[in-house]
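Reviewing the structure listed below.
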Amino acid sequence: MFVILVYDVAQRRVARVLKKCRQYLHWVQNSVLEGEISEANLKKLKMELERIINKEEDSVIIYHLRTTRYSSREIMGLQKGGDENII
Amino acid sequence: MKKTYFLFSSGELSRRDNTLCFTSEKGRRYIPVEDTGEIMIFGEVDVNKRLLEFLSQHEIVLHFFSHYGYYMGSYYPREHLNSGYMTLRQAEHYLDEAKRLALAREFVRGAAKNIRQVLKYYQGRGKDVNGQLQAVENLLPTIDSCGDPAALMAIEGNLRDHYYRAFDAIIGLPDFVFQERSRRPPKNYLNTLLSFGNSMMYTICLSEIYKTHLDPRIGYLHATNFRRFTLNLDVAEIFKPVIVDRLIFSLLGRKMIGRDDFERGTEGIVLKEKARRTFLEGMEEKLKTTIKHREIGRVVTYRRLIRLELYKLEKHLMGEKPYEAFVARW
Chain D
1 MFVILVYDVA QRRVARVLKK CRQYLHWVQN SVLEGEISEA NLKKLKMELE RIINKEEDSV
61 IIYHLRTTRY SSREIMGLQK GGDENII
Chain X
88 MKKTYFLFSS GELSRRDNTL CFTSEKGRRY IPVEDTGEIM IFGEVDVNKR LLEFLSQHEI
148 VLHFFSHYGY YMGSYYPREH LNSGYMTLRQ AEHYLDEAKR LALAREFVRG AAKNIRQVLK
208 YYQGRGKDVN GQLQAVENLL PTIDSCGDPA ALMAIEGNLR DHYYRAFDAI IGLPDFVFQE
268 RSRRPPKNYL NTLLSFGNSM MYTICLSEIY KTHLDPRIGY LHATNFRRFT LNLDVAEIFK
328 PVIVDRLIFS LLGRKMIGRD DFERGTEGIV LKEKARRTFL EGMEEKLKTT IKHREIGRVV
388 TYRRLIRLEL YKLEKHLMGE KPYEAFVARW
């Protein structure tokens, strides 16, 4: 499963959310991560995020894509992060 | 499925914020630990103990390659699937001459049948490989009458001899003639590609073995010795024709690798970095492609296929079901 995760959280929690997400997904841009993730790992990530965020103030959105076969990604301007596995 | 990461740049791989971080002159790149299966290191990468501990925790294998792209060794973290039972079964099947021979035979048979399949495919596409195909067909029945592993290795050698001779007809490029198999160091372009591909295949098999209860030190076709892992060599035999050789044919056929991609160094002919990347991208692509598995009736990737092969081996060792090597049907 491929997911895109975007978050908008209070400043003091940004770092913690970012660090947690980076363990599972590729950072592509400020507050945006994406990547291939297993069903189980997504559940784990969601649970751990729930523990960090404040449900009254913060928001995290996860877009699920079953495959990336019918999607394409277009970047305008800078490429800030990446998900290639040959570095 | 967890990913394989290839590090070509030079820099430092470290543990940072509970995940992996690769710092090079180009900046910092975070690698998600939870999505990492193995890391192949080609560049000059610095590593510290803290990182190795972290990798052990996450059961990630590191494979190191020299400047010339030759396999140098692995950081094989502490076994996480400990099974004395399986080790004993493995040893039992090694020590018992008849049992060892049965397994070794199956590996050779698998390799031979996959070689035949590759040749048949190219015969169907109008390449002149009839002679070699016939030779392989003739050798197939001799596998069963073979008395010891050394003789099996010899048959395997013969088999590959005939097989490699078909390469010129299949590839049909004057820059990539086969001549003879030369290794350590490879003496022509095609041999370089074969060596590189095979060593990648060995490490991938090793990584898959790490995820099972099997011990890579006990191989059956390749004699167990004091020096190296051998079970991965056995398993790789089956997949080399299907994965490595076919990849080489398609890379050369599509002109993705040409004569400019090689360098004559002190250690024979080596692939340039760009070509190495192209090769590995192709290999990743290949390992990710899926096929419909006949027995389990669902789609599996080639990489998964390798693991399934190991599970079949485990079943054989436990006496549940005799091992039968995977044979491609296309």
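Protein chains in written order, with the working numbering: chain D, 1 to 87; chain X, 88 to 417. For glycine and all other residues, C-beta sits at the position ideal for the given N, C-alpha and C.
Item	Value
State the Cα-Cα distance for the pair M288 (chain X) and R192 (chain X), rounded to the nearest angstrom.	20 Å
How is L149 (chain X) classed by DSSP in three states: helix, strand or coil?	strand
Can you pull the DSSP bridge partners for Y163 (chain X)?	BP columns for Y163 (chain X) are empty, so no partner.
Measure the alpha-carbon distance for Y83 (chain X) versus N275 (chain X) and round it to whole angstroms.	Residue 83 (chain X) is absent from the structure shown; chain X starts at 88 and stops at 417.
Please list, in chain order, the chain X residues whose beta carbon lies closer than 9 Å to that of E50 (chain D).	Per Cβ cutoff of 9 Å: no residues; E50 (chain D) is ~17 Å from chain X at best.
What does the Cβ neighbour count give for E88 (chain D), buried or exposed, with the cut at 16 atoms within 10 Å?	Residue 88 (chain D) cannot be examined here, being either before or after the span of chain D that is shown, 1 to 87.
With a Cβ-Cβ cutoff of 8 Å, do F265 (chain X) and L277 (chain X) count as a contact?	yes
Can you tell me where the beta strand (DSSP E) with R103 (chain X) in it begins and where it stops?	G98 to R103
Could you give the uninterrupted runs of the alpha helix (DSSP H) lying entirely in the segment 331–417 of chain X, keeping only those of 4 residues or more?	333–340, 360–375 and 389–404
Roughly how many whole angstroms lie between the Cα atoms of G218 (chain X) and F413 (chain X)?	25 Å
Under the rule that 16 or more other beta-carbon atoms within 10 Å means buried, what is K379 (chain X), buried or exposed?	exposed
So with CB distances below 8 Å, who are the chain D contacts of N105 (chain X)?	K19 and Q23
Tell me the rounded alpha-carbon separation between G306 (chain X) and D183 (chain X).	13 Å
Classify S31 (chain D) as helix, strand or coil using the three-state DSSP reduction.	coil
What distance in whole Å lies between the Cβ atoms of E34 (chain D) and V3 (chain D), which are believed to be in contact at a cut-off of 8 Å?	7 Å
May I ask which residues mark the beginning and end of the beta strand (DSSP E) holding D8 (chain D)?	F2 to D8
Which chain X residues sit within Cβ distance under 8 Å of G35 (chain D)?	P119 and D122
Given a threshold of 16 other Cβ atoms within 10 Å of its Cβ, counted over all protein chains shown, does T68 (chain D) qualify as buried or as exposed?	exposed
Under the criterion of a Cβ to heavy atom distance below 7 Å, does G82 (chain D) qualify as lining the ligand ADP?	What this structure holds is no ligand at all, so the ligand ADP is not there to describe.
Straight-line CA distance for K89 (chain X) to D122 (chain X)?	5 Å
By DSSP, does F95 (chain X) sit in helix, in strand, or in coil?	coil
Between T388 (chain X) and L367 (chain X), how many whole angstroms is the CB-CB distance? I'm expecting something under 8 Å.	Actually they are not in contact, since the Cβ atoms of T388 (chain X) and L367 (chain X) sit about 16 Å apart, beyond 8 Å.
Quick check on K200 (chain X): buried or exposed, where buried means 16 or more other Cβ atoms within 10 Å of its Cβ?	buried
Starting from N85 (chain D), find everything on chain X with Cβ-Cβ shorter than 8 Å and list it in chain order.	K90, T91, Y92, F93 and E371
So is H64 (chain D) in contact with chain X if we call contact Cβ pairs under 8 Å?	no
Using the rule of at least 16 other Cβ atoms within 10 Å of the residue's Cβ for burial, across every protein chain shown, is P228 (chain X) buried or exposed?	exposed
Using DSSP bridges, identify the partner residues of I86 (chain D).	X:F93
Could you check the C-alpha separation between K408 (chain X) and E36 (chain D) for me, to the nearest Å?	35 Å
Contact between the segment 104–112 of chain X and the segment 15–28 of chain D is defined here as three or more beta-carbon pairs at a separation below 8 Å; is this criterion met?	yes
Residues of chain X with CB closer than 8 Å to the CB of N41 (chain D), please, in chain order.	E121 and D122
Going by the beta-carbon positions, is the gap between V357 (chain X) and Y155 (chain X) smaller than 8 Å?	yes
Compare the C-beta of S96 (chain X) with all C-beta atoms of chain D and state if any pair is closer than 8 Å.	yes
In terms of alpha-carbon separation, which member of X:Y250, X:M173 and X:S269 lies closest to M405 (chain X)?	X:M173
Which whole-angstrom value describes the C-beta separation of V195 (chain X) and E243 (chain X), a residue pair presumed to lie in contact below a C-beta threshold of 8 Å?	5 Å
Since I147 (chain X) contacts I126 (chain X) with CB under 8 Å, what's their CB separation in whole angstroms?	6 Å
Taking H64 (chain D) as part of the beta strand (DSSP E), name the residues at either end of that continuous run.	S59 to L65
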